[in-house]
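A short write-up of the structure that comes next.
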Amino acid sequence: MKTTYRECVRQALREALLRDPRVFLMGEDVGRYGGCYACSKGLHDELGPERVRDTPLSESAFVGAGIGAALGGMRPIVEIMTCNFSLLALDQILNNAATLRHMSGGQFEVPVVIRMATGAGRQLAAQHSHSLEGWYAHIPGLRVVAPGTLADARGMLPTALADPDPVLIFENALLYNLEGELPEGAGAVDIDHACVRRPGSDVSLVTYGGSLPKTLAAAEVLAAEGISAEVLDLRVLRPLDGAAILATVDKTKRLVVVDEGWRSVSLAAEVVARVAEEGFFSLDAPPVRVCSEEVPIPYPKHLEDAALPQVPKIVRAVRQVLHG
Amino acid sequence: MHGHGDSQGSGRGAPVAAPRAPAAPADPADEAPDLGLFCLLDDEGGLADVADVPLEPALKLRAYREMKRIRLVDARMMLLQRQGRVGFYGTCTGQEATPIATGLALRPEDWVFPALRESAVMLVRGLSLTTYLCQVFGNRGDLLKGRQMPSHMSARSVRQVSWGSCIGTQFPQAVGAAWAAKLRREPVVTVGFIGDGGTSEPDFHAAMNFAGVYRVPCVLVCQNNQFAISVRQEHQTASSTFAVKGRGYGIPSVRVDGNDVLALYVALSRAAARARAGQGPTFIEALTYRIGAHSSSDDPSRYRSDAEVETWLQRDPLQRLRRHLVRERLLDDGAEQRLEDELNAAIAEAVAEAEPLEPPARESLFDDVYAELPWHLREQRALMLAEPAAAAHGGRPA
Chain A
10 MKTTYRECVR QALREALLRD PRVFLMGEDV GRYGGCYACS KGLHDELGPE RVRDTPLSES
70 AFVGAGIGAA LGGMRPIVEI MTCNFSLLAL DQILNNAATL RHMSGGQFEV PVVIRMATGA
130 GRQLAAQHSH SLEGWYAHIP GLRVVAPGTL ADARGMLPTA LADPDPVLIF ENALLYNLEG
190 ELPEGAGAVD IDHACVRRPG SDVSLVTYGG SLPKTLAAAE VLAAEGISAE VLDLRVLRPL
250 DGAAILATVD KTKRLVVVDE GWRSVSLAAE VVARVAEEGF FSLDAPPVRV CSEEVPIPYP
310 KHLEDAALPQ VPKIVRAVRQ VLHG
Chain B
2 MHGHGDSQGS GRGAPVAAPR APAAPADPAD EAPDLGLFCL LDDEGGLADV ADVPLEPALK
62 LRAYREMKRI RLVDARMMLL QRQGRVGFYG TCTGQEATPI ATGLALRPED WVFPALRESA
122 VMLVRGLSLT TYLCQVFGNR GDLLKGRQMP SHMSARSVRQ VSWGSCIGTQ FPQAVGAAWA
182 AKLRREPVVT VGFIGDGGTS EPDFHAAMNF AGVYRVPCVL VCQNNQFAIS VRQEHQTASS
242 TFAVKGRGYG IPSVRVDGND VLALYVALSR AAARARAGQG PTFIEALTYR IGAHSSSDDP
302 SRYRSDAEVE TWLQRDPLQR LRRHLVRERL LDDGAEQRLE DELNAAIAEA VAEAEPLEPP
362 ARESLFDDVY AELPWHLREQ RALMLAEPAA AAHGGRPA
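Going line by line, the protein sequences match chains A and B.
The numbering of the first sequence is my numbering, which starts it at 10 and goes up by one.
The numbering of the second sequence is my numbering, which starts it at 2 and goes up by one.
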């Protein structure tokens, strides 16, 4: 079945709302407007304002209310328009959702799902374009996932809703228009493991989310040059699937990490550090990171393009790892 | 007289005089419930009539007993803190009336999202004193497994969640829990608390707005004890009262004498009844005074005078109710002494029971980060267990 990433998100939301009366969706403009990325289009009219709820414009209020509703036995799905705006609710997420189970000695759980768009590439400048999933992946108590495929866009939400802990879903905004085939009956997928999206033998390209299509495109370019690149999609950013990272490096002996976050103190840094700690003797060459330039993401297209990981940059990085 | 500095003729920044009530409002506008001060107990032990909420002798005696108990518990805990047996403690001394009235006004199915000084609500609602004290000691009897500071307790059995140390975060959560009850069509009321300082936080405004828009079944309470650590209420707000802020959110609001436990009980019962009847939220300002320090880490003599504290001691919530009980012949000196002896004995017994319990096992710190222990925490736990359990490594001191 030919579909889009956006439609997969929408179908996942619709199914979740239909299946479980405890589930409701709330956020800014998610109601009649259908969401700023149109992920809930039509759901308000079909299911009513109690299940698909526009909220006042306050991230802290609707994330806090989501936490409260989860404590009160519901299974809220909170949509934050972009992860840049999630900082207005950071205290609720970090100091509350992530800590309440532990601080209460396991008496309370916060099964809230928080979805947000992430990433650049749409000429919306710094305050709409940052990739902050790596920050959230730093926080104990959260599970952080980044669907990079249609199947994951469709299947991660139901698993996240079944999880008794808070789950953050980062949807790269450039992926919403991604088209592809989704098998009939595609449903819940695991949110524990990384996944090899393209097997290879010469170099491991470790990536996730919005960088996955770029990395797969780079692997295609490399294949034409006779280089066999393995692409590992992390999928789950916390807890990281360390075994899968070590396994691919053990297989290819070379590592390139592609991450739209900033390089220093990043998710990419964590992947390289783990390989340095536990896979050092597998490596035949120093690992290389392809990340966003460490600048606020600019507005003009040529500057924005220059700031982000791109296919030619990934290809050059692989050549460097292979040939020095 | 309505307690606010300006209406007393004193300038901004001057201490708020202790309210004396009841008195005729000086300004007709002060008759509005969010500008006036709702009280029932007068200084001579008289009690104004209310028709809608019964105030039976048993209820009054229970209120007195509970206020007395938490005052004695707090005093005992501060003593233990000074002796180095307790790490931290925050009392509710002088403002016992609000938590006790809350505990008495709620039903078992209701939820409480407290701020710092509402732990006593849990005791009123049935939490055992020994369990409460185990949390203060952070030991193996602690429901929280040693993971929270004292005075930051929670207990699922009495539906009370831990408050947010960053101030105010529990307010939107209370609104969300209330909304959950509304969606589930359950006649459950959620009470959220915040301090006067907390009303300056974005979460206060966000929660009030959300509660007003969605008409959720909650009671939002500001315990105005006039200090955010050292900063006086005049430096928190230019509003004439805190209660009046509710107008901006379309929430009916009332300013209550926070040292009058019966007025608070009536106001909270009315607000809870409104919420349960689907009539939406109520905002209550409880005007009180923090007699004690902010916490065991604070020295209030740096920012207020003994004379000011003395003024408020005259308005002590226990003495206010006691005068009424004596006048009604519900209490006399002998009964008072017997009550105090009984409560002190129970406290001593609970301390003796709680204090010797072992601290939590060091490897327990990995539990409850998630519902299930993920691989990386299993790994970290194994590494810790491979280390010797000396005190320096987090083991129990010999």
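Each residue gets a CB set at the ideal place from its N, CA and C atoms; glycine is no exception.
Everything numeric in this text was worked out from a predicted model, so none of it was measured.
| Check | Outcome |
| --- | --- |
| With 16 other Cβ atoms within 10 Å as the buried cut-off, status of Q338(B) | exposed |
| Exposure label - A287(B); buried when at least 16 CB within 10 Å | buried |
| Given D369(B) as reference, the closest of S301(A), P175(A), N186(A), A197(A) once Cα atoms are compared | P175(A) |
| beta-carbon A349(B) near the ligand PLP non-hydrogen atom, thresh 7 Å | Annotation note on the ligand PLP: not contained in the displayed structure, which lists no ligands. |
| Neighbour flag for A74(A) against chain B, beta carbons, 8 Å | yes |
| Range covered by the alpha helix (DSSP H) that runs through Q224(B) | Not the alpha helix (DSSP H): Q224(B) falls in the beta strand (DSSP E), residues 219 to 225. |
| Within-8 Å CB hit, H332(A) to chain B | no |
| Closer than 8 Å to chain B by CB, E5(A) | The displayed coordinates of chain A run from 10 to 333. Any statement about residue 5(A) would go beyond what the structure contains. |
| Reduced DSSP category for T12(A) - H, G, I as helix; E, B as strand; rest coil | strand |
| Residues near A315(A) by beta carbon distance below 8 Å, same chain, minus five either side | E302 |
| Per DSSP, cross-strand counterpart(s) of R256(B) | E286(B) |
| R124(A), DSSP secondary structure in three states | strand |
| Cβ pair T257(A), S210(A) closer than 8 Å | no |
| Neighbour flag for E140(B) against chain A, beta carbons, 8 Å | The residue asked about is misnamed: residue 140(B) is Asn in this sequence, not Glu. No, because no Cβ of chain A sits closer than 8 Å to the Cβ of N140(B). |
| DSSP three-state assignment for Q132(A), whether helix, strand or coil | coil |
| Q329(A), buried or exposed, once every other Cβ within 10 Å from all chains shown has been counted against 16 | exposed |
| Cutoff 6 Å; reference P305(A); Cβ partners in own chain excluding five residues on either side | A135 |
| Short CB-CB distance (under 8 Å) between W402(B) and chain A | Since the displayed chain B opens at 2 and closes at 399, residue 402(B) lies outside it and no answer follows. |
| DSSP-derived helix/strand/coil call for D100(A) | helix |
| E239(A) - partner residues in DSSP beta bridges | S213(A) |
| For D197(B): DSSP bridge partner residues | In DSSP, D197(B) forms no bridge with anything. |
| Cβ neighbour criterion (16 or more within 10 Å) applied to N226(B) | buried |
| 8 Å CB neighbourhood of K310(A) in its chain, flanking five on each side removed | Q132 |
| Classification of M10(A) by the beta-carbon crowding that lies within 10 angstroms, buried from 16 upward | exposed |
| Whole-angstrom C-beta distance between G36(A) and I76(A), which should lie under 8 Å | Contact flag wrong, Cβ pair sits at about 14 Å. |
| Chain-order list of residues whose beta-carbon lies under 8 Å from that of D111(B) (same chain, five-residue window excluded) | R160, V189, V190, T191, V192, A273 |
| Reduced DSSP category for S291(B) - H, G, I as helix; E, B as strand; rest coil | With the sequence shown as reference, residue 291(B) is identified as Arg, and Ser is not the correct amino acid for it. In the structure shown, R291(B) sits in coil (DSSP, three-state: anything other than H, G, I, E or B). |
| Candidates V352(B), E359(B), A276(B): closest to Y133(B) by CA position | V352(B) |
| Test: H236(B) CB closer than 8 Å to a CB of chain A | no |
| Contact check, A74(A) vs V176(B), beta carbons under 8 Å | yes |
| Coil, strand or helix - G333(A) by DSSP | coil |
| For T103(B) and M68(B), the rounded distance between their alpha carbons | 12 Å |
| Proximity test, Cβ basis, 8 Å: M112(A) and chain B | yes |
| Residues, ordered as in the chain, of the region 219 to 247 of chain A that lie near chain B by beta-carbon distance below 7 Å | none |
| Segment contact, 8 Å Cβ cut-off, at least three pairs: the region 85 to 105 of chain B with the region 246 to 256 of chain B | no |
| Simplified DSSP assignment, three categories, for V18(A) | helix |
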